[in-house]
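S.K.: After the structure tokens below, expect a handful of questions from me.
Number of protein chains: 2
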Amino acid sequence: MRPTTKDLAKAAGVSLATVDRVLNGRAGVRKKTVDAVYEAIERIGFERNQVAATLARQRGYRFGFALPRHGDEFLEEILKRIHEMDRAGRAEMLQADVIRLDDQDPHRAARTLSRLSPEDYDGIAIMAPETPQIRDALVRMQERGIQTVPFVSNQKRLDDQTFVGIDNKAAGATAGRLMARFLGQRGGAILVLTESMQSRDSLERRLGFDSVITRDYPALRVLPTLESHADPLRTAQVLRNAFAAHGDIAGLYLMGPEARIPLEVLRSFPFPPGRVTIAHERTPSTEQALRDGEIDAVISQDPGHLVRSAMRIMRARCENRSTLASQERIRIEVLIAENI
Amino acid sequence: MRPTTKDLAKAAGVSLATVDRVLNGRAGVRKKTVDAVYEAIERIGFERNQVAATLARQRGYRFGFALPRHGDEFLEEILKRIHEMDRAGRAEMLQADVIRLDDQDPHRAARTLSRLSPEDYDGIAIMAPETPQIRDALVRMQERGIQTVPFVSNQKRLDDQTFVGIDNKAAGATAGRLMARFLGQRGGAILVLTESMQSRDSLERRLGFDSVITRDYPALRVLPTLESHADPLRTAQVLRNAFAAHGDIAGLYLMGPEARIPLEVLRSFPFPPGRVTIAHERTPSTEQALRDGEIDAVISQDPGHLVRSAMRIMRARCENRSTLASQERIRIEVLIAENI
DNA sequence: AGCCATTTGAGGTACGTGCCTCAGATTTTC
DNA sequence: GAAAATCTGAGGCACGTACCTCAAATGGCT
Chain A
595 MRPTTKDLAK AAGVSLATVD RVLNGRAGVR KKTVDAVYEA IERIGFERNQ VAATLARQRG
655 YRFGFALPRH GDEFLEEILK RIHEMDRAGR AEMLQADVIR LDDQDPHRAA RTLSRLSPED
715 YDGIAIMAPE TPQIRDALVR MQERGIQTVP FVSNQKRLDD QTFVGIDNKA AGATAGRLMA
775 RFLGQRGGAI LVLTESMQSR DSLERRLGFD SVITRDYPAL RVLPTLESHA DPLRTAQVLR
835 NAFAAHGDIA GLYLMGPEAR IPLEVLRSFP FPPGRVTIAH ERTPSTEQAL RDGEIDAVIS
895 QDPGHLVRSA MRIMRARCEN RSTLASQERI RIEVLIAENI
Chain B
595 MRPTTKDLAK AAGVSLATVD RVLNGRAGVR KKTVDAVYEA IERIGFERNQ VAATLARQRG
655 YRFGFALPRH GDEFLEEILK RIHEMDRAGR AEMLQADVIR LDDQDPHRAA RTLSRLSPED
715 YDGIAIMAPE TPQIRDALVR MQERGIQTVP FVSNQKRLDD QTFVGIDNKA AGATAGRLMA
775 RFLGQRGGAI LVLTESMQSR DSLERRLGFD SVITRDYPAL RVLPTLESHA DPLRTAQVLR
835 NAFAAHGDIA GLYLMGPEAR IPLEVLRSFP FPPGRVTIAH ERTPSTEQAL RDGEIDAVIS
895 QDPGHLVRSA MRIMRARCEN RSTLASQERI RIEVLIAENI
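In order, the protein sequences belong to chains A and B. Under my numbering, the residues of the first sequence are numbered 595 to 934, in order. Under my numbering, the residues of the second sequence are numbered 595 to 934, in order.
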């Protein structure tokens with residue numbers, strides 16, 4: 595039989611009440627006694643039964659996903675997974691809901707975060723650009739006792755933070771390598787398009803992409819990044835200009851997470867045979883484009899894993915357990931038409 | 595507040611005991627009463643609190659992974675993940691252990707399975723070739739009330755069965771497409787090596803691989819599959835013969851899950867520039883080979899996801915809940931040096 | 001030695017369900 | 001219509017922990 599708190603009390607030579615005080619970090623226990631309890635924990639191999647603990651807590655865990663208010667298909671995929679988790683989690687007293695953040699004004703976003711109380715949330719997974727306002731809001735949330743996890747978008751300045759998402763530099767490098775290998779002998783220019791270069795994610799992807807191409811493929815040259823600002827007209831315009839300026843465009847790297855608009859716009863341009871196109875994130879649009887041969891590969895991260903991993907991490911933190919790092923690493927996936 | 599069994603009893607106009615009988619499928623309740631309870635479940639939106647249920651059951655869930663007795667690195671990875679899950683699961687009253695099956699004699703393997711009692715295991719995930727003996731053993735286990743899930747190796751004949759693993763035909767097709775695209779304009783012969791063509795998995799991979807190459811790449815021709823039987827000497831011999839017989843070998847497809855021996859043997863042959871090699875499963879050997887440029891891509895399935903998914907599915911079945919199919923689909927991963 | 005603050009013990013209730021017993025009610029069968 | 005078979009209700013104990021209260025013991029201090 596697994597040792598219980600009762601066994602632990604006996605082994606440590608203290609009462610159940612004291613064991614409870616130590617295990618839950620309550621005040622009013624002498625250091626000597628605390629040590630004795632920990633010693634006994636080691637000695638008899640006590641491990642708290644989380645099932646019983648959760649039940650006794652009365653309320654399970656409630657986690658929030660703070661996401662940008664505006665987005666497209668990729669955001670939609672994430673929302674879907676969160677709702678699925680919420681439904682599936684009810685039976686295990688886990689709740690997952692969505693909080694929307696202003697994606698234009700960091701101050702408003704930070705204010706939204708600062709209104710979140712530990713009464714309402716045990717943990718928050720945050721997908722937001724790395725601004726000083728957001729960073730401060732995160733620090734203050736932690737002080738209030740709410741666990742926080744950067745989600746999809748990294749917050750590098752907050753040290754220690756385990757991040758739920760992919761290494762964007764490696765993702766960019768992966769795209770670069772595939773681009774070059776798919777192009778084979780062919781040389782020429784590569785066009786890179788994203789929504790905005792403001793975000794660290796875009797910068798890192800570009801960095802990774804370039805590092806591979808410039809090191810190993812001198813016949814290819816990567817053009818300056820074009821910014822679409824998620825606007826169809828602007829997308830059409832920058833693409834038109836780029837195609838006019840460079841006659842030898844051999845590859846197209848859609849670096850942002852929302853490829854729907856660029857893909858639609860691209861259909862109005864001629865499709866030169868042999869052009870290689872690579873996009874990010876598996877969405878209805880990129881799936882269809884892969885099937886139709888409009889794009890050659892998709893670099894993606896699994897939204898379901900993102901959500902589940904974030905919840906596992908926040909829960910483990912609440913119960914101050916550690917997580918298996920090996921199991922929480924989000925993979926950089928490569929999709930082609932055959933393994934969609 | 596979420597409705598409890600007590601609320602359900604009141605809503606259905608029956609007693610707690612009857613609710614319990616219905617929820618746990620015990621005998622001795624009139625159909626009319628059963629229906630009334632189910633109606634009330636729908637009406638008030640009752641959902642059993644699994645946390646409390648697990649606690650009350652006294653014993654949590656115990657799952658077994660029936661794996662072949664012999665294997666190499668890939669099997670080792672899976673074992674590692676199972677042990678990790680076992681440790682991590684203790685706090686949630688989940689146990690995962692390993693049962694070893696004879697991989698030469700299906701009768702012995704079936705006998706091992708037939709000795710497993712519902713007292714000992716709530717569910718078994720099985721990785722074994724699809725033989726009549728194994729199939730019968732699985733059917734009998736289900737009858738005894740042990741949940742079973744085919745694991746990594748599919749058992750197609752058992753209908754309904756949700757399978758934990760990848761679609762091997764698609765995996766083969768993925769390998770084929772990458773092989774062809776990496777080869778570019780180059781034509782020639784492709785050598786396919788596996789441990790044994792006895793297994794359905796190998797057949798399906800080969801099928802998928804061929805379908806892509808023969809349909810889209812007439813300049814490539816896929817040679818008959820070579821069998822290594824996991825034996826270094828035999829591997830060296832069949833490779834030597836193949837290299838001697840075909841001067842134009844452009845690609846190498848290591849189709850089996852254990853690439854260590856073939857990779858080691860290959861080092862004793864000259865390495866023609868431009869040759870493309872693709873293997874399966876991420877292991878220390880394939881990782882290193884990717885880094886060293888000995889192979890170009892690895893098609894893999896994440897052992898951690900395999901194990902966790904199998905446990906989620908078995909648990910859901912025990913609690914007769916349904917699983918989110920979308921979340922349990924195992925991805926066919928593509929690894930290159932950049933996204934290891 | 002005596003006082004006060006701090007630390008500890010004993011015991012209780014609660015969480016929501018599983019599982020058990022036994023008596024009483026209802027239906028079926030002859 | 002009575003006996004037998006089947007169904008239902010009421011109640012209780014258990015799981016292992018959280019969280020609470022109050023009294024008692026202990027320790028440090030003057």
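Here a beta-carbon is modelled for each residue, glycine too, at the ideal position from N, C-alpha and C.
Buried or exposed for A:Gln895, please, with buried defined as at least 16 other CB atoms from any protein chain shown within 10 angstroms of its CB.
M.R.: Buried, because 16 or more other Cβ atoms sit within 10 Å of the Cβ of A:Gln895.
S.K.: In chain B, what lies closer than 8 Å to A:Glu618 by C-beta?
M.R.: Checking the displayed sequence, the identity of residue 618 of chain A turns out to be Asn instead of Glu. By Cβ distance, chain B contributes nothing, its closest Cβ being about 15 Å from A:Asn618, past 8 Å.
S.K.: With A:Val608 as the anchor, note down where its beta strand (DSSP E) starts and where it stops.
M.R.: That residue, A:Val608, is in no beta strand (DSSP E); it is neither H nor E in DSSP.
S.K.: Could one say the Cβ of B:Gly802 lies closer than 9 Å to chain A's Cβ atoms, at least one of them?
M.R.: Yes, because at least one Cβ of chain A sits closer than 9 Å to the Cβ of B:Gly802.
S.K.: Report the three-state DSSP secondary structure of B:Ser920 (helix, strand or coil).
M.R.: Helix, per DSSP.
S.K.: My understanding is that B:Ala767 touches A:Glu932, with C-beta atoms under 8 Å, so please give their C-beta distance in whole angstroms.
M.R.: Between A:Glu932 and B:Ala767 the Cβ distance is about 4 Å, and since that is below 8 Å, they are a contact.
S.K.: Note the first and the last residue of the continuous alpha helix (DSSP H) segment covering A:Gln644.
M.R.: Counting along the chain, the alpha helix (DSSP H) containing A:Gln644 begins and ends at Gln644 to Ala650.
S.K.: Please list the residues of the region 773–788 of chain B that have a C-beta atom closer than 9 Å to any C-beta atom in chain A, keeping them in chain order.
M.R.: Within the region 773–788 of chain B, the qualifying residues are Arg775, Phe776, Leu777, Gly778, Gln779 and Arg780.
S.K.: Would A:Leu848 and A:Val870 be called neighbours here (beta carbons separated by less than 9 Å)?
M.R.: No. Outside cutoff.
S.K.: Between the Cα of A:Ser879 and those of A:Pro864, A:Ile855 and A:Pro867, spot the shortest distance and give me the residue it belongs to.
M.R.: It is A:Ile855 whose Cα lies nearest to the Cα of A:Ser879.
S.K.: Consider the Cβ of B:Met905: report whether some Cβ of chain A lies at a distance smaller than 9 Å.
M.R.: So, not an interface residue.
S.K.: Does any C-beta atom of chain A lie closer than 9 Å to the C-beta of B:Thr880?
M.R.: No, B:Thr880 does not count as interfacial toward chain A.
S.K.: Taking 9 Å as the CB-CB limit, is A:Glu952 close to chain B?
M.R.: Absent from the model: residue 952 of chain A. The displayed extent of chain A is 595 to 934, so no value can be given.
S.K.: Anything in chain B within Cβ reach of A:Leu918, meaning under 7 Å, just list it in chain order.
M.R.: By Cβ distance, chain B contributes Glu678 and Ala682.
S.K.: What residues match up with A:Thr988 in a beta bridge as DSSP calls it?
M.R.: Shown here, chain A extends from 595 to 934; a query on residue 988 of chain A therefore has no answer.
S.K.: So, with DSSP's three-state summary, where would you put A:Leu695?
M.R.: In the structure shown, A:Leu695 sits in a strand (DSSP, three-state: E or B).
S.K.: When DSSP labels each residue in this structure, what does B:Pro662 get in the three-state scheme?
M.R.: Three-state result, B:Pro662: strand.
S.K.: Do A:Ile676 and A:Leu710 have their CB atoms nearer than 9 Å?
M.R.: Contact: no.
S.K.: Please list the residues of the region 618–651 of chain A that have a C-beta atom closer than 8 Å to any C-beta atom in chain B, keeping them in chain order.
M.R.: Here the close residues are Glu641, Arg642, Asn643, Gln644, Val645, Ala646, Thr648 and Leu649.
S.K.: Alpha carbon to alpha carbon, how far is A:Ile934 from B:Gly781?
M.R.: Using only the alpha carbons, I get a separation of about 27 Å.
S.K.: A:Ile784 and A:Met773 look like a contact to me (Cβ under 8 Å); what is the Cβ gap, rounded to whole Å?
M.R.: So it is a contact: roughly 7 Å between Cβ atoms.
S.K.: Is the region 631–645 of chain B in contact with the region 600–608 of chain B, if contact means three or more CB pairs nearer than 8 Å?
M.R.: Touching, yes.
S.K.: Taking one C-beta from the region 914–923 of chain B and one from the region 786–800 of chain B each time, how about it: are there three or more such pairs within less than 8 Å?
M.R.: With the cut-off at 8 Å, the region 914–923 of chain B and the region 786–800 of chain B do not touch.
S.K.: Among the candidates A:Gln698, A:Ile718 and A:Gly841, whose CA atom is the shortest distance from the CA of A:Met908?
M.R.: Minimum Cα distance to A:Met908 is reached at A:Ile718.
S.K.: Indicate the three-state DSSP secondary structure (helix, strand or coil) for A:Ile893 in the structure shown.
M.R.: Strand.
S.K.: Can a CB atom of chain A be found closer than 9 Å to the CB of B:Val928?
M.R.: By this cut-off, B:Val928 is an interface position.
S.K.: Going along chain A, which residues have a C-beta under 8 Å from B:Glu686?
M.R.: Gln644 and Val645, listed in chain order.
S.K.: Could you name the residues of chain A that B:Val806 contacts, counting a contact when the two beta carbons are closer than 8 Å?
M.R.: Those within 8 Å of B:Val806 in chain A are Glu932.
S.K.: Shortest alpha-carbon distance to B:Asp730 belongs to which of B:Arg663, B:Ser708 and B:Pro712?
M.R.: It is B:Ser708.
S.K.: Does chain B have any CB closer than 9 Å to the CB of A:Thr768?
M.R.: Yes, contact with chain B.
S.K.: Return the CA-CA distance between A:Ala660 and B:Val628, expressed in angstroms with no decimal places.
M.R.: Answer to the nearest angstrom: the Cα atoms are 43 Å apart.
S.K.: Does the distance from the C-beta atom of A:Leu688 to that of A:Met679 stay below 9 Å?
M.R.: Contact flag set, yes.
S.K.: Taking 8 Å as the cut-off, does the region 608–624 of chain B touch the region 605–612 of chain A (at least 3 CB pairs, one atom from each stretch)?
M.R.: Result no; under three Cβ-Cβ pairs closer than 8 Å.
S.K.: Rounded to whole angstroms, what's the CA-CA distance from B:Val631 to B:Val623? Just pull it up for me.
M.R.: About 11 Å.
S.K.: Could you spell out where the alpha helix (DSSP H) holding A:His677 opens and where it closes?
M.R.: A:His677 -> alpha helix (DSSP H) spans Glu667 to Gly683.
S.K.: For A:Ala722, count the other beta carbons within 10 Å of its own beta carbon; 16 or more makes it buried, fewer makes it exposed. Which is it?
M.R.: Flag for A:Ala722 reads buried.
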